[in-house]
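K.L.:
Using our numbering, count along the sequence shown one by one with no gaps and you end on 728.
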Amino acid sequence: MPIHYNEKQRNFYLEAGSTSYVIHIAGTGYLQHIYWGKRLRSVDQDFFHAYFKPLEDEFVTDNYALTTLPQEYPTFGTGDFRTPAFEMQLENGTTVSDLKYVNYKIFDGKKPLDGLPSCYTESDCEAQTLEIILMDKLCGLKAVLSYTVYNEMGVITRSVRFENEGVKALKINRALSASVDFTDHSFELLTLSGAWARETHIDRRALVPGIQKVESKRCASSPQQNPFVALLRPGTDEENGDVYAMNLVYSGSFTAGAEVDEFGTTRLQIGINPFDFSWKLESGKWFQTPEAVMVYSDCGLGKMSRTFHSLYRNRLCRGSWRDKIRPILLNSWEVMYFDLNKDKLTSLAKQAKQLGFELFVMDDGWFGHRNDAKSSLGDWYVDETKLPGGLSALIDGMDEIGIGFGIWVEPEMVSPDSDLYRAHPDWCIHVPDRYRTLKRNQLILDLSRDDVCEFIIDIISKVLSSGRVRYVKWDMNRNMTEAGGELLPPDKQREIGHRYILGLYRIMDAITSKFPDILFESCASGGGRFDPGMLYYMPQTWTSDNTDAGERMNIQYGTSLAYPAVAMAAHVSDVPNHQNGRITPLETRGFVAMGGNFGYEMDVSKPSDQEKEEIKAQIEYYKSIRHIVQFGDLYRLQSPYEGNTSAWLNVTADKSEAVVFHVKKLTECNVKIRILKLAGLDPSRQYSVVGTDEVYGGDELINIGLIIPAFKGDFKGCSWHLKAID
Ligand code: DGJ
3 MPIHYNEKQR
13 NFYLEAGSTS
23 YVIHIAGTGY
33 LQHIYWGKRL
43 RSVDQDFFHA
53 YFKPLEDEFV
63 TDNYALTTLP
73 QEYPTFGTGD
83 FRTPAFEMQL
93 ENGTTVSDLK
103 YVNYKIFDGK
113 KPLDGLPSCY
123 TESDCEAQTL
133 EIILMDKLCG
143 LKAVLSYTVY
153 NEMGVITRSV
163 RFENEGVKAL
173 KINRALSASV
183 DFTDHSFELL
193 TLSGAWARET
203 HIDRRALVPG
213 IQKVESKRCA
223 SSPQQNPFVA
233 LLRPGTDEEN
243 GDVYAMNLVY
253 SGSFTAGAEV
263 DEFGTTRLQI
273 GINPFDFSWK
283 LESGKWFQTP
293 EAVMVYSDCG
303 LGKMSRTFHS
313 LYRNRLCRGS
323 WRDKIRPILL
333 NSWEVMYFDL
343 NKDKLTSLAK
353 QAKQLGFELF
363 VMDDGWFGHR
373 NDAKSSLGDW
383 YVDETKLPGG
393 LSALIDGMDE
403 IGIGFGIWVE
413 PEMVSPDSDL
423 YRAHPDWCIH
433 VPDRYRTLKR
443 NQLILDLSRD
453 DVCEFIIDII
463 SKVLSSGRVR
473 YVKWDMNRNM
483 TEAGGELLPP
493 DKQREIGHRY
503 ILGLYRIMDA
513 ITSKFPDILF
523 ESCASGGGRF
533 DPGMLYYMPQ
543 TWTSDNTDAG
553 ERMNIQYGTS
563 LAYPAVAMAA
573 HVSDVPNHQN
583 GRITPLETRG
593 FVAMGGNFGY
603 EMDVSKPSDQ
613 EKEEIKAQIE
623 YYKSIRHIVQ
633 FGDLYRLQSP
643 YEGNTSAWLN
653 VTADKSEAVV
663 FHVKKLTECN
673 VKIRILKLAG
683 LDPSRQYSVV
693 GTDEVYGGDE
703 LINIGLIIPA
713 FKGDFKGCSW
723 HLKAID
């Protein structure tokens with residue numbers, strides 16, 4: 003059984019793959035965290051006394067000693083002075099909480115979270131769930147700590163549900179999803195940090211005493227910091243070392259970080275950002291935290307990533323596209339920006355079809371009078387001056403060409419210059435009498451309002467109702483300012499950020515359920531909301547607006563720490579690159595984009611015949627390997643953060659097929675022998691290199707490696723497709 007309770011020890015044992023997680027019910031009624039790490043058979047020592055031994059007896063008997071104990075879900079005000087996971091305020095203004103053990107429940111399977119995305123099971127025998135019930139008797143607040151353990155994966159998911167069983171309302175000021183105490187601080191903290199067009203860059207630093215955290219206050223998970231955090235033992239690399247990682251299934255403001263205390267212990271936490279947050283919990287009501295996904299790996303970052311990937315591909319993403327090969331698309335954005343019309347789109351789609359594309363996507367600029375980023379968001383009706391005959395005539399053309407049709411929308415936004423805003427100026431997020439700050443000339447619709455949510459569901463459903471739209475790119479291009487909701491009373495104004503996200507999830511759930519055959523891709527000026535919350539509704543994300551192969555290597559490498567290749571949309575674009583002006587070879591742009599979910603956004607009618615042949619060949623190559631990239635296991639071989647090269651390998655679960663990519667950034671003369679050692683293959687099998695007569699043993703490829711060609715010129719790359727022949 004993955005979860006069991008030892009009555010004598012008062013210990014809960016959670017066993018997830020090669021991981022154990024142990025919780026103890028102390029005699030005081032507080033939950034004590036005992037262990038998270040490599041699988042154990044049992045824990046027989048009395049840790050309560052181990053922690054108290056060096057202390058004087060008088061401390062042992064008092065709550066004051068709480069700050070010396072590892073806590074399972076620490077609260078504020080009764081003796082633990084480290085950062086709490088929970089803090090509330092009662093009607094009398096006091097902020098002390100005292101959650102103590104009441105009882106527990108273990109059951110097969112996993113419950114969905116009310117109103118929030120979460121990982122799931124397809125049958126009850128895949129996982130077990132432990133619910134530990136805690137109670138603050140003074141005010142009648144119940145906390146249900148929920149832990150799900152997947153039998154086959156080293157994954158534990160955690161969340162907390164609060165129920166006010168008291169007679170008075172209270173305010174939750176802080177309610178994190180997970181908190182784990184470690185007995186030492188010999189760790190590095192790894193986060194995925196960046197900016198617009200520079201998302202998910204790996205940042206690693208040693209822990210020091212005090213708090214070190216990342217967060218978003220933007221009401222979006224953000225490109226500045228991803229809701230992902232990991233503690234690594236020093237020296238951890240792709241294959242070696244202990245890693246303890248947390249990722250939040252949430253798309254709004256979050257906090258994630260570690261605190262090292264006076265005794266050198268470490269507290270790792272993740273959850274909704276308590277900054278500018280509070281939630282009024284009336285008597286009889288509940289509050290659900292988002293889910294934290296916790297992965298422990300005893301074999302470095304590679305195993306950690308493969309665990310996240312497998313969970314997200316199979317038990318977070320949903321719908322008919324979850325297990326389907328994704329189409330190769332051509333997107334109109336960098337080809338024509340807002341300057342689109344039916345003739346241009348149709349002629350580009352014709353070219354695309356000839357080259358082997360499967361889907362044509364019309365990006366921004368097709369609705370209202372949207373000729374630039376200054377107007378029309380909210381007016382989701384076709385601009386017939388650009389598209390005479392509307393979507394229907396355009397899609398008729400696509401049908402004739404024989405290519406699928408996809409469309410761009412940004413439903414959460416409104417332009418002040420729009421019919422929608424003129425009719426409903428109160429529908430946007432704003433604070434009465436304060437200036438409404440614009441970003442990209444737009445405001446955010448107030449999704450804490452039911453009427454606004456219903457409007458969006460209705461209007462976007464109309465756009466998609468032809469039944470002939472195969473793909474939707476759901477964009478979101480600004481963060482929240484003047485965060486206020488006109489319909490919320492004063493004591494609920496700080497709920498606006500979370501209520502917005504709940505409204506967004508409700509809308510996404512309604513629309514994706516209504517149109518189960520459409521492939522949805524989320525986007526937030528690129529990877530500004532690349533998080534597991536989005537992946538629950540939309541199984542792929544536009545990784546970055548930066549399409550330069552050079553910078554994309556770093557962005558995709560960082561993204562791949564938590565998120566699978568199938569979720570990472572990656573396009574070949576024109577040169578000089580529109581974001582940074584760099585010129586890279588078409589071949590390399592292809593290889594880098596093939597590291598994810600492959601597409602293009604360049605004018606494919608412009609290149610020379612030779613380049614068109616190259617594009618055709620790239621498309622054919624990706625078609626022959628995409629089942630490996632999209633559904634296989636990833637092995638990162640060389641980090642673009644550490645040197646002049648980047649290399650990675652995808653291999654099918656049965657290890658019968660693999661594809662290897664290698665890119666060198668700056669050329670060098672007269673270098674040492676060029677060898678790339680592989681990983682993830684079956685050492686006992688022979689692999690042929692497709693398109694050649696070369697055959698090598700898996701053991702040879704792992705231990706000696708492949709010979710890399712000598713490149714002349716910057717940003718050159720190569721790829722090998724390997725097939726087991728026995
Ligand atoms: C931002 C996206 O990231 C781009 O790909 C493009 O869709 C534009 N928005 C359109 O306005």
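Glycine included, C-beta positions come from ideal geometry on N, C-alpha and C. Note that the structure is a prediction, hence the values are computed from the model and not measured.
1. Is it the case that the Cβ atoms of Lys657 and Asp684 are separated by a distance below 8 Å?
2. Does DSSP classify Lys107 as helix, strand or coil?
3. What residue range is occupied by the uninterrupted beta strand (DSSP E) comprising Ile134?
4. Between which two residues does the alpha helix (DSSP H) holding Thr348 run?
5. For Gly273, which of helix, strand or coil comes out of DSSP?
6. Would you mind stating whether Leu445 and Met415 have Cβ atoms separated by less than 8 Å?
7. Just the C-alpha distance for Glu165 and Glu133, rounded to the nearest angstrom, thanks.
8. Look at the alpha carbon of Asn316 and the alpha carbon of Val24, and state the distance between them as a whole number of angstroms.
9. Run the CB neighbour count on Ala655, radius 10 Å, all protein chains shown included, and call it buried at 16 or more, exposed below.
10. When we look at the beta-carbon of Gln47 and count the other beta-carbons within 10 Å, is it buried (16 or more) or exposed?
11. Apart from the five residues on each side of it in sequence, which residues of its chain come closer than 8 Å, Cβ to Cβ, to Lys376?
12. State buried or exposed for Gly715, treating a residue as buried only when at least 16 other CB atoms are found within 10 Å of its CB.
13. How many angstroms separate the CA atom of Gln612 from the CA atom of Gln353?
14. Less than 7 Å separating the Cβ of Asn373 from some heavy atom of the ligand DGJ?
15. Between the Cα of Gln290 and the Cα atoms of Ser607, Ala87, Ser161, Gly243, which residue gives the shortest distance?
16. For His629, does the three-state DSSP call read helix, strand or coil?
17. Mapping the DSSP letters down to three states, classify Met90 as helix, strand or coil.
18. Taking the alpha carbon of Pro276 as the reference point, which residue from Cys221, His311, Leu303, Phe184 has its own alpha carbon closest?
19. In terms of residue numbering, what span does the beta strand (DSSP E) encompassing Glu17 cover?
20. Mind listing which residues have their beta carbon within less than 6 Å of any non-hydrogen atom of the ligand GTP? Chain order is fine.
21. Can you list the beta strand (DSSP E) stretches of 3 or more residues lying completely in the region 209–278, in chain order?
22. Less than 8 Å separating the beta-carbons of Ala572 and Phe600?
23. May I ask you to report which of helix, strand or coil DSSP gives Cys720?
24. Identify the residues that DSSP records as bridge partners of Glu659: which are they?
25. Consult DSSP for Lys809 and reduce its assignment to one of helix, strand or coil.
26. Quick one: is Trp288 buried, meaning 16 or more other Cβ sit within 10 Å of its Cβ, or exposed?
27. I need the DSSP call for Met536, collapsed to helix, strand or coil.
28. Are at least three pairs of beta-carbons, each pair with one atom in the region 100–116 and one in the region 36–45, less than 8 Å apart?
29. Alpha carbon to alpha carbon, how far is Leu724 from Val697? Give it in angstroms, no decimals.
30. Mark Thr439 as exposed unless 16 or more other C-beta atoms lie within 10 angstroms of its C-beta, in which case mark it buried.
31. Tell me, please, which residues DSSP counts as bridged to Asp635.
32. Would you call Lys718 buried or exposed, if buried means 16 or more other Cβ atoms sit within 10 Å of its Cβ?
33. Using the three-state DSSP reduction, which class does Phe369 fall into: helix, strand or coil?
34. Taking 8 Å as the threshold, find out whether the region 210–225 comes into contact with the region 67–79 through three or more Cβ pairs.
35. How would you call Met3, buried or exposed, if buried means at least 16 neighbouring beta carbons within 10 angstroms?
36. Could you tell me which whole beta strand (DSSP E) segments of length 3 or greater appear in the region 404–488?
P.N.:
Quick look at the numbers:
1. Translated into positions along the sequence shown, residue 657 becomes position 655. Translated into positions along the sequence shown, residue 684 becomes position 682. Cβ atoms of Lys657 and Asp684: closer than 8 Å.
2. Numbered from its first residue, the sequence shown carries residue 107 at position 105. If DSSP states are grouped into helix, strand and coil, Lys107 belongs with the strands.
3. Counting from 1 along the sequence shown, the entry for residue 134 is found at position 132. Looking at the DSSP string, the run of the beta strand (DSSP E) that includes Ile134 is 129–138.
4. Locating residue 348 in the sequence shown gives position 346, counting from the first residue. Run containing Thr348: 344–357, per the alpha helix (DSSP H) assignment.
5. Your numbering for residue 273 matches position 271 in the sequence shown. Three-state result, Gly273: strand.
6. The residue given as residue 445 occupies position 443 in the sequence shown. The residue given as residue 415 occupies position 413 in the sequence shown. The Cβ atoms of Leu445 and Met415 sit closer than 8 Å to each other.
7. As a working note, residue 165 is residue 163 in the sequence shown. As a working note, residue 133 is residue 131 in the sequence shown. One C-alpha to the other measures close to 14 Å.
8. Working through the sequence shown from its first residue, we reach residue 316 at position 314. Working through the sequence shown from its first residue, we reach residue 24 at position 22. Their Cα atoms are separated by approximately 27 Å.
9. The residue labelled residue 655 in the question sits at position 653 within the sequence shown. By the neighbour-count criterion, in which a residue is buried when 16 or more other Cβ atoms sit within 10 angstroms of its Cβ, Ala655 is exposed.
10. As a first step, residue 47 must be located in the sequence shown, where it is residue number 45. Gln47 is exposed by the Cβ-count criterion.
11. For the purposes of this step, residue 376 is taken as the residue at position 374 of the sequence shown. Short of 8 Å from the beta carbon of Lys376, and not among the five residues preceding or following it, lie these beta carbons of its own chain, in chain order: Ser417, Asp419, Asn443.
12. Here residue 715 refers to the residue found at position 713 when the sequence shown is read from its first residue. Label assigned to Gly715: exposed.
13. The residue you call residue 612 lines up with position 610 of the sequence shown. The residue you call residue 353 lines up with position 351 of the sequence shown. For Gln612 and Gln353, the distance between alpha carbons rounds to 15 Å.
14. Taking the sequence shown and counting its residues from 1, one reaches residue 373 at position 371. Not so, every heavy atom of the ligand DGJ lies at least 7 Å from the Cβ.
15. On the sequence shown, residue 290 is found 288 positions in, with the first residue counted as 1. Nearest C-alpha to Gln290: Ser161.
16. Counted from its first residue, the sequence shown places residue 629 at position 627. Correct three-state label for His629: helix.
17. For the purposes of this step, residue 90 is taken as the residue at position 88 of the sequence shown. Met90 falls in the strand class under three-state DSSP.
18. By 1-based counting over the sequence shown, the position of residue 276 is 274. Cα-wise, what sits closest to Pro276 is Cys221.
19. As a first step, residue 17 must be located in the sequence shown, where it is residue number 15. Unbroken beta strand (DSSP E) run through Glu17: 13–18.
20. Summarising the ligand content, the structure contains the ligand DGJ and does not contain the ligand GTP.
21. Unbroken beta strand (DSSP E) stretches of 3 residues or longer found wholly inside the region 209–278: 212–217, 227–234, 245–251, 256–262, 268–274, given in chain order.
22. Numbered from its first residue, the sequence shown carries residue 572 at position 570. Numbered from its first residue, the sequence shown carries residue 600 at position 598. A contact, by the Cβ cut-off of 8 Å.
23. Counting from one through the sequence shown, the residue named residue 720 turns up at place 718. When DSSP states are grouped into helix, strand and coil, Cys720 belongs to the strand group.
24. Counting from one through the sequence shown, the residue named residue 659 turns up at place 657. Lys725, per the DSSP bridge assignment.
25. No information on residue 809 is available, as it lies outside the stretch 3 to 728 that the chain covers here.
26. For the purposes of this step, residue 288 is identified with residue 286 of the sequence shown, where counting begins at 1. Exposed, by the Cβ-count rule.
27. Translated into positions along the sequence shown, residue 536 becomes position 534. The answer is helix: DSSP assigns Met536 an H, G or I state.
28. Too few Cβ pairs lie closer than 8 Å, so no.
29. Along the sequence shown, one-based indexing puts residue 697 at 695. Along the sequence shown, one-based indexing puts residue 724 at 722. Take the alpha-carbon of Val697 and the one of Leu724: they are about 9 Å apart.
30. Taking the sequence shown and counting its residues from 1, one reaches residue 439 at position 437. Thr439 counts as exposed, since fewer than 16 other C-beta atoms from the protein chains shown sit within 10 angstroms of its C-beta.
31. For this step, residue 635 is matched to residue 633 along the sequence shown. In the DSSP assignment, Asp635 forms a beta bridge with Val653.
32. Mapped onto the sequence shown, residue 718 falls at position 716. Buried, by the Cβ-count rule.
33. Taking the first residue of the sequence shown as 1, we reach residue 369 at position 367. Assigned with DSSP and collapsed to three states, Phe369 falls in strand.
34. Contact between the region 210–225 and the region 67–79 is absent, because fewer than three Cβ pairs lie under 8 Å.
35. Here residue 3 refers to the residue found at position 1 of the sequence shown. With a threshold of 16 other beta carbon atoms within 10 Å, Met3 falls short and is exposed.
36. Here the runs fully enclosed are 406–411, 473–476.
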